[in-house]
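Participant: Numbering (UniProt numbering), first residue to last: 1 to 487. Note that CB positions come from ideal geometry on N, CA and C, so glycine has one too.
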């Protein structure tokens with residue numbers, strides 16, 4: 001395996017296709033699972049999966065970013081960093097599993113079936129994600145994203161395979177849940193296999209103390225971020241029936257799965273914003289931040305449109321008639337994607353300006369209000385209250401990040417406020433005149449949102465520039481290939 005680092009463009013390409021493909025396969029596995037198990041079982045699965053994802057994060061606890069930070073230092077030996085990283089991960093995994101299962105036994109002491117389901121799903125899943133994470137972080141450090149992408153794709157491929165096997169052979173749901181977790185475990189073994197082909201470790205090596213530096217902010221911010229999408233099923237289990245939790249989970253999985261796509265855009269902007277701020281070029285940092293917010297809001301709006309206007313069709317085709325009660329829930333929760341795009345961009349603006357503590361504070365507010373909103377609104381209004389809470393949390397995050405941003409006025413005036421106003425005005429207009437023809441409504445709304453590129457002066461100027469640049473690069477490449485062929 002070559003140790004030559006990839007170019008940034010090549011790594012972005014590997015990151016894009018692997019994230020997109022694995023997200024699609026992961027979403028497909030949940031769709032197939034919902035198609036053959038009962039709504040009650042899916043509700044229980046969603047609650048246990050939420051616990052599993054939180055526990056999986058706690059085995060990492062923000063260390064991945066610290067390892068990448070330390071690995072970027074020329075004087076830091078990669079083998080020593082990775083050996084120390086693995087030791088920490090091993091200790092965190094054991095501690096997390098022990099404490100996590102103690103909590104599950106305490107919270108669900110009267111539900112033996114749920115406890116058994118927790119063991120079947122959580123053990124292989126958490127250990128598997130820990131192994132995958134170690135391998136993915138190692139290849140990110142080497143800047144060889146094709147191997148990180150390969151691990152993600154193998155994991156998602158195994159996941160959809162075991163779910164399809166469960167459906168075809170009518171396997172008991174408990175065994176299917178164990179197979180679901182085992183898919184992550186097998187992919188983790190594959191990741192460790194790839195890692196050991198190039199990495200030689202010594203267990204007796206001294207501990208690399210750089211991993212302790214500024215660990216707490218990364219730990220807390222990451223934990224709050226992972227908690228946000230998981231608190232819904234956990235809290236709602238206390239106020240709704242298992243069947244209702246299942247409906248909510250089905251509707252919420254779609255925007256949650258599509259959340260990965262804005263991160264691809266954010267990943268391209270993040271290093272540029274960080275570099276501009278470190279260089280003291282604050283004016284360009286603000287301009288890039290405005291562009292990122294606009295682009296990610298636009299992406300969120302376009303992603304939300306089909307699920308808002310065609311929610312009945314989406315649920316019917318993907319999940320079947322027995323899940324149709326989730327269609328209205330999906331319609332409302334589609335708005336989550338609009339607010340998420342802007343909040344992720346604004347949060348990155350804070351992080352790249354060394355204001356991680358502000359991002360952490362807003363996330364803490366989001367998690368706290370989320371617990372209260374889900375409990376209060378679902379108790380009073382059932383599933384309608386639950387989806388209202390889900391949208392309100394994203395609104396709080398978006399405007400919380402905006403208020404905490406040093407350039408809040410310019411970002412609000414040039415990007416957040418006008419884009420949101422335009423989206424909701426067009427949404428209301430389309431609903432008033434075309435709601436009886438959903439496909440036409442979605443098409444018209446899609447065109448109206450794309451027209452922002454024409455009305456926005458920045459896009460009018462940038463799109464021709466980008467096209468011209470692409471044409472020039474293409475001609476240059478052709479000339480180079482012709483010259484190489486001639487020589």
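Can you find at least 3 beta carbon pairs, one from the stretch 162 to 182 and one from the stretch 215 to 226, that sit closer than 8 Å?
Facilitator: They do not touch, by the three-pair rule.
Participant: Measuring alpha carbon to alpha carbon, tell me which residue in 222, 331 and 383 is nearest residue 241.
Facilitator: For residue 241, the nearest C-alpha among the options comes from 383.
Participant: Report yes if the C-beta distance between residue 358 and residue 277 is below 8 Å; otherwise report no.
Facilitator: Cβ distance not < 8 Å, so residue 358 and residue 277 don't count as in contact.
Participant: Applying the criterion that 16 or more other CB atoms from any shown protein chain within 10 Å of the CB defines a buried residue, is residue 307 buried or exposed?
Facilitator: Residue 307 comes out buried.
Participant: In chain order, what residues of the same chain lie with their CB nearer than 8 Å to the CB of residue 79, ignoring the 5 residues before and after it?
Facilitator: Correct list, in chain order: 199, 200, 201, 202 and 205.
Participant: Considering only their Cβ atoms, is the gap separating residue 71 from residue 215 smaller than 8 Å?
Facilitator: Not a contact, by the Cβ cut-off of 8 Å.
Participant: Skipping 5 residues on each side, what residues in its chain have a beta carbon closer than 7 Å to that of residue 82?
Facilitator: So the qualifying residues of the chain are 138, 199 and 201.
Participant: In whole angstroms, what is the alpha-carbon distance linking residue 236 and residue 375?
Facilitator: Distance between the alpha carbons of residue 236 and residue 375: 7 Å.
Participant: Note the first and the last residue of the continuous alpha helix (DSSP H) segment covering residue 368.
Facilitator: It spans 356 to 404 - the alpha helix (DSSP H) in which residue 368 sits, taken as one unbroken run.
Participant: Measure the Cβ-Cβ separation of residue 505 and residue 377 and say whether it is below 8 Å.
Facilitator: Lying outside 1 to 487, the shown extent of the chain, residue 505 is not represented and no answer is given.
Participant: Hey, is the stretch 146 to 164 in contact with the stretch 93 to 109, meaning 3+ C-beta pairs nearer than 8 Å?
Facilitator: Contact fails: fewer than three Cβ-Cβ distances are below 8 Å.
Participant: Select from 355, 447 and 36 the residue whose C-alpha is nearest the C-alpha of residue 298.
Facilitator: For residue 298, the nearest C-alpha among the options comes from 447.
Participant: Look at residue 341 and residue 390 and say whether their C-beta atoms are less than 8 Å apart.
Facilitator: Taking 8 Å as the Cβ cut-off, residue 341 and residue 390 do not qualify as a contacting pair.
Participant: Express the C-alpha separation of residue 275 and residue 187 in angstroms, rounding to a whole number.
Facilitator: Roughly 35 Å between the two C-alpha positions.
Participant: Three or more C-beta pairs closer than 8 Å, one from the stretch 418 to 429 and one from the stretch 400 to 410: is that the case here?
Facilitator: Because the criterion of three Cβ pairs below 8 Å is not met, the stretch 418 to 429 and the stretch 400 to 410 do not touch.
Participant: So, at 6 Å on beta carbons, what are the nonlocal neighbours of residue 477 in its own chain, with the 5 sequence-adjacent residues on each side left out?
Facilitator: Below a pLDDT of 50, predicted positions are generally treated as unreliable, and residue 477, at 48, falls in that range; the measurement from the model is reported next regardless. Here the set comprises nothing.
Participant: Is the beta carbon of residue 211 sitting closer than 8 Å to the one on residue 84?
Facilitator: Yes, these two residues count as a Cβ contact at 8 Å.
Participant: Put residue 201 into one of helix, strand or coil per three-state DSSP.
Facilitator: DSSP places residue 201 in coil when its eight states are reduced to three.
Participant: When you compare each of 149, 59 and 418 to residue 99 by their alpha carbons, which one comes out closest?
Facilitator: It is 59.
Participant: Fully enclosed by the stretch 409 to 453, which beta strand (DSSP E) runs are 3 residues long or longer?
Facilitator: Counting only runs of 3 or more, we get nothing.
Participant: Roughly how many whole angstroms lie between the Cα atoms of residue 335 and residue 451?
Facilitator: Looking at the two C-alpha atoms, the distance is approximately 19 Å.
Participant: In the structure shown, what three-state DSSP assignment does residue 65 receive?
Facilitator: Reduced to three states, the DSSP call for residue 65 is helix.
Participant: Count Cβ pairs between the stretch 433 to 444 and the stretch 307 to 320 that sit closer than 8 Å; are there 3 or more?
Facilitator: Output reads yes: the stretch 307 to 320 touches the stretch 433 to 444.
Participant: Mapping DSSP to helix, strand and coil, what is residue 103?
Facilitator: DSSP places residue 103 in helix when its eight states are reduced to three.
Participant: Please determine, among 381, 405 and 153, the residue with the shortest C-alpha to C-alpha distance to residue 286.
Facilitator: Checking every option, the nearest Cα to that of residue 286 belongs to 405.
Participant: How would you write the range of the alpha helix (DSSP H) that residue 150 sits in, first residue to last?
Facilitator: Where residue 150 is concerned, the enclosing alpha helix (DSSP H) stretches over 145 to 168.
Participant: Excluding the five sequence neighbours on either side, which residues of its own chain have a C-beta within less than 6 Å of the C-beta of residue 125, listed in chain order?
Facilitator: So the list reads 52, 181 and 184, once near-sequence residues are dropped.
Participant: Going by C-alpha distance, which of 250, 66, 356 and 393 is nearest residue 323?
Facilitator: Looking at the Cα atoms, 250 is the closest of the given residues.
Participant: If you drop the 5 nearest sequence neighbours on each side, which residues of the same chain put their C-beta closer than 6 Å to that of residue 14?
Facilitator: These residues qualify, in order along the chain: 145, 146 and 149.
Participant: Going by beta-carbon coordinates alone, are residue 315 and residue 449 separated by less than 8 Å?
Facilitator: No.
Participant: State the Cα-Cα distance for the pair residue 356 and residue 217, rounded to the nearest angstrom.
Facilitator: Taking the straight line joining both Cα atoms gives about 7 Å.
Participant: Does DSSP put residue 108 in a helix, in a strand, or in coil?
Facilitator: In the structure shown, residue 108 sits in coil (DSSP, three-state: anything other than H, G, I, E or B).
Participant: Just verifying my parser: in three-state terms, what is the DSSP assignment at residue 89?
Facilitator: Correct three-state label for residue 89: helix.
Participant: Just mark residue 281 as buried or exposed, buried being the case when its beta carbon has 16 or more other beta carbons within 10 Å.
Facilitator: Residue 281 comes out exposed.
Participant: Residue 326 and residue 26 look like a contact to me (Cβ under 8 Å); what is the Cβ gap, rounded to whole Å?
Facilitator: Contact flag wrong, Cβ pair sits at about 18 Å.
Participant: Please list, in chain order, all residues of the same chain as residue 332 whose beta carbon is under 7 Å from its beta carbon, the five residues on each side excluded.
Facilitator: Only 387 and 391 meet the Cβ criterion.
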